[in-house]
Amino acid sequence: MSYSLNELYRTVGVSKQAVQQAKLRQDRFDRELAELVILADQLKEEHPGCGVEKMYYTLNPNWMGRDQFCEIFLGLGYGVKRVRNYHRTTYSGSCHYPNLIERISVTRPFQVIQSDITYFHLNGEHYYLVFIIDVYTRLLVGYSVNDHMRTKGNLEALTMALKLLDFLPWGLIHHSDRGSQYSSGEYTRLLKTNCIHISMGKVAWENAYAERINGIIKNEYLKRWKIKDINELKRKVKKAVNNYNTKRLHRAFDMKYTPMGFYQKILDLPAQERPTVNVYTEGKKNYSGASSPQVVCPREEPLAHICPMEFINEC
């Protein structure tokens, strides 16, 4: 026994027009999804470690919700597998400085910068990467790539940051771990010469912003690209830093801005309207206005550009 389509529609309780409209909607969905997949592939090329939720906020398809997007693209194989390993890069030096950023509120760009050194395994060798990040804007302002862990690599990154900052804001704090590279005489002299306050943390979470950027650059970029040698590694690090600064939406800014986009936005805001970043300590986020054992920034800045803080713990 055979049935016509009209009889089948009547049996299941739908109209022919409704079926045709559903088919048109499905065809349109398939076309838009195909176009979205192309955009997703282009995004993955620039940000190979980008997860599906971040892909959604970056591509921002107004015809598809976040949960549906994540479900579809996870099913299409766009999920990110994390690669974890460990290699020690911190060897404590003999010269230690106090933690000046514990429980402070950061209210402007380049008030606090953090630095850390990490490694990248390539062709049986370890190469060492140094990054310097501005805590307020999350901008990467300095980096270096070397085949050694000597202080030279850290100096290269710091020199890059100093050149990028046309002028050094009064009261700038450089925070790091207690690694021997950061406590070396050559490195601390360069900081002091530029009237930059030296701050050091005892444990990893007291340098959380720099630690975090290590993982982003390595896991979301470098480990997703095919890299042949150190020269190509240097080129890829440069590309990763640029992509991170100018193209990657950041969770700290509610997935609305890249670090550079946020920096450009707050330049036009009066100081009293700018958001406050509360520095993480002991694995917790402190609330704004918390009292600090270190008085870092007086209410008024000096008329002349001088070193306002007496350096302690000279080595």
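If you want this note's numbering, it's the 1-based position in the sequence shown plus 373. Glycine is no exception: its CB is placed at the ideal position from the N, C-alpha and C atoms. In this text, all values refer to a predicted model and were calculated from it rather than measured experimentally.
Identify, in the order they occur along the chain, each residue of the same chain with its Cβ nearer than 8 Å to the Cβ of residue i, setting aside the five sequence neighbours on each side.
i: Leu595; result: Phe493, Leu606, Lys609, Val610, Ala613
i: Leu622; result: Lys427, Tyr430, Thr431, Met628, Lys629, Tyr630, Thr631
i: Ala644; result: Thr480, Arg481
i: Ile506; result: Ile486, Gln487, Ser488, Leu512, Leu513, Val514, Tyr582, Ala583, Ile586
i: Ile600; result: Leu495, Leu606, Lys609
i: Lys638; result: Tyr630
Is residue i helix, strand or coil by DSSP?
i: Arg461; result: Summary for Arg461: the model assigns pLDDT 49, below 50, so the residue's position carries little reliability, and this model does not support an answer.
i: Gly526; result: helix
i: Leu513; result: strand
i: Tyr636; result: helix
i: Tyr451; result: coil
i: Gly438; result: coil
i: Cys443; result: helix
i: Tyr470; result: coil
i: Phe402; result: helix
i: Ser557; result: coil
i: Leu535; result: helix
i: Lys658; result: Low confidence applies to Lys658: its pLDDT is 43, below 50, so where it sits in the model is not reliable enough to give any reading.
i: Leu397; result: helix
Which value, in whole angstroms, describes the spacing of the CA atoms of residue i and residue j?
i: Ile586; j: Asp400; result: 42 Å
i: His420; j: Asn616; result: 7 Å
i: Tyr500; j: Gly448; result: 35 Å
i: Phe504; j: Glu408; result: 36 Å
i: Trp598; j: Asn592; result: 10 Å
i: Lys417; j: Cys468; result: 43 Å
i: Leu512; j: Lys629; result: 15 Å
i: Gly452; j: Gly424; result: 6 Å
i: Thr431; j: His570; result: 37 Å
i: Asn519; j: Pro632; result: 26 Å
i: Asp602; j: Asn496; result: 8 Å
i: Leu538; j: Gly515; result: 10 Å
i: Tyr470; j: Leu642; result: 34 Å
i: Asp550; j: Leu531; result: 15 Å
i: Asp568; j: Ser478; result: Checking the displayed sequence, the identity of residue 568 turns out to be Cys instead of Asp. Cα to Cα, Cys568 sits roughly 21 Å from Ser478.
i: Asp440; j: Ala625; result: 21 Å
i: Asn472; j: Asp403; result: 55 Å
i: Asn604; j: Asn527; result: 18 Å
i: Thr491; j: Leu502; result: 5 Å
i: Leu640; j: Gly438; result: 32 Å
i: Thr619; j: Gln393; result: 45 Å
i: Leu397; j: Glu444; result: 22 Å
i: Leu541; j: Gly634; result: 21 Å
i: Gly450; j: Lys565; result: 50 Å
i: Glu646; j: Glu498; result: 48 Å
i: Gly588; j: Lys536; result: 25 Å
i: Val576; j: Gly422; result: 27 Å
For residue i, which beta-bridge partners are listed by DSSP?
i: Gln487; result: Ile506, His548
i: His494; result: His499
i: Val479; result: Val650
i: Asn519; result: Tyr501
Excluding five sequence neighbours on each side, which residues of the same chain lie with their C-beta closer than 7 Å to the C-beta of residue i?
i: Ile474; result: Val485, Ile546, His548, Ser572, Val652
i: Thr524; result: Gln554, Ser557, Glu559, Tyr560
i: Phe446; result: Ala413, Val425, Met428
i: Glu405; result: Trp436
i: Tyr636; result: Pro482, Thr510, Leu512
i: Leu563; result: Leu528, Leu531
i: Pro434; result: Leu409, Phe442
i: Asn580; result: Gln487, Asp489, His548, Ser549, Asp550, Gly574
Short of 6 Å in beta carbon distance, which residues of its chain neighbour residue i, apart from the five on each side in sequence? Order them along the chain.
i: Ile590; result: Ala613
i: Gln390; result: none
i: Glu529; result: Ser517
i: Phe442; result: Tyr429
i: Ala534; result: Ile505, Val514, Gly515
i: Met522; result: Tyr501
Counting only C-beta atoms, is residue i closer than 8 Å to chain B at any point?
i: Lys629; result: Although the question refers to chain B, the structure presented lacks it and comprises just one protein chain.
Handout entry: Complete beta strand (DSSP E) runs within the segment 563 to 634 (minimum length 3 residues, chain order)
Key = Fully enclosed beta strand (DSSP E) runs of 3 or longer: 570 to 573.
Practice task
Scan the segment 404 to 433 and note each continuous alpha helix (DSSP H) run of 4 residues or more that stays entirely inside, going in chain order.
Solution key: With a minimum length of 4 residues, the continuous alpha helix (DSSP H) runs that stay inside the segment 404 to 433 are 425 to 432.
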